[in-house]
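Scroll down for the structure; my scribbles are underneath it.
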Amino acid sequence: MAVTIKSEREIECMRIAGRYLSEVLDELLDSVRVGWTTAQVDKLGEKLIRSKGCIPNFLHYEGFPASFCVSLNDEVVHGIPSKKRVIRDGDLLSIDGGLIYQGYHSDAARSIILGNADPKLQQLVDVTKESFFRGIAMAKEGNHLYDISNAIADYVEPYGYGIVQDLTGHGIGRNLHEDPMIPNFRQRSRGIRLRKGMTLAVEPMIALGTWEVDFNEDNGWTVTTKDHSPSAHYENTILITDGEPEILSLPGGKH
Ligand code: MG
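Residue numbering for the sequence shown is 177 to 431, as defined by the numbering used here.
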């Protein structure tokens with residue numbers, strides 16, 4: 177699939193999809209508490225998406241059974257919400273989801289620590305979030321795709337964290353996943369040239385220990401770190417412009 181360039185009309189739909197998603201995630205993060213199950217996070221998130229007249233794009237995507245991926249601790253991504261999974265004090269919680277507005281997708285993820293945060297975990301969460309901003313600082317017309325990847329790696333590597341390689345960011349638009357794939361680790365080539373009107377989901381996944389992951393073969397989805405070290409995830413849908421990128425799923429700034 178070729179990388180698509182969106183028209184002004186398409187971009188306007190994606191702006192709304194992004195803004196709605198940022199509002200849903202803000203409300204979810206404000207609401208979730210120690211003692212909630214991961215299924216409760218998903219149910220509230222789905223309700224918030226539907227209250228905006230939108231459709232959760234993760235629900236039934238390749239058979240995924242929920243509207244949000246809710247991942248705890250050593251789960252990197254694709255945690256399946258469960259009524260049996262209770263969020264405990266000090267857990268690292270990652271929430272990843274998206275929605276469709278008038279045929280256009282948004283996709284974003286946030287990680288937080290519930291209750292008392294271990295400073296080592298808090299640093300992992302903070303560095304993961306900042307690595308997104310370092311990456312997208314390179315995301316403008318005329319630069320190359322892997323300038324984003326290398327900027328993320330430049331920032332994360334000195335911490336000695338593991339940068340997950342088996343999963344990447346992606347193009348987004350009329351489909352949740354479009355070309356190109358956007359790695360978060362160092363690349364030897366430059367990748368495609370970035371052009372105004374491209375919309376991308378940039379999403380570093382960073383682990384306290386090894387970058388290596390296992391795919392859960394029982395549920396077919398959940399990705400965990402091989403050494404069971406905690407992992408954080410931060411993602412937004414962005415628009416490439418001839419200047420700074422527009423962060424569609426974070427219209428208010430850095431929160
Ligand atoms: Mg994504």
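Glycine included, C-beta positions come from ideal geometry on N, C-alpha and C.
Treat the numbers as computed from the prediction; the structure is a model and nothing was measured.
Could you tell me if P421 is buried or exposed, where buried requires 16 or more neighbouring beta carbons within 10 angstroms of its beta carbon?
buried
Candidates K259, I368, R364, R362: closest to T355 by CA position:
According to the sequence shown, residue 355 is Asp rather than Thr. For D355, the nearest C-alpha among the options comes from I368.
For E203, which residues in the same chain have their Cβ closer than 7 Å to its Cβ, ignoring the five residues on either side in sequence?
L224
Could you give the distance in angstroms between the alpha-carbon of A327 and the alpha-carbon of H320?
11 Å
From L370, R286, N351, G338, pick the residue whose C-alpha is nearest to that of R362; which is it?
G338
Helix, strand or coil at L269 [DSSP, three-state]:
strand
Tell me, which residues are paired with D390 by DSSP?
T400
How many Å lie between F240 and F234 at the Cα?
7 Å
Less than 8 Å separating the beta-carbons of Y280 and C230?
no
E251 beta carbon near ligand 1 (any heavy atom closer than 7 Å)
no
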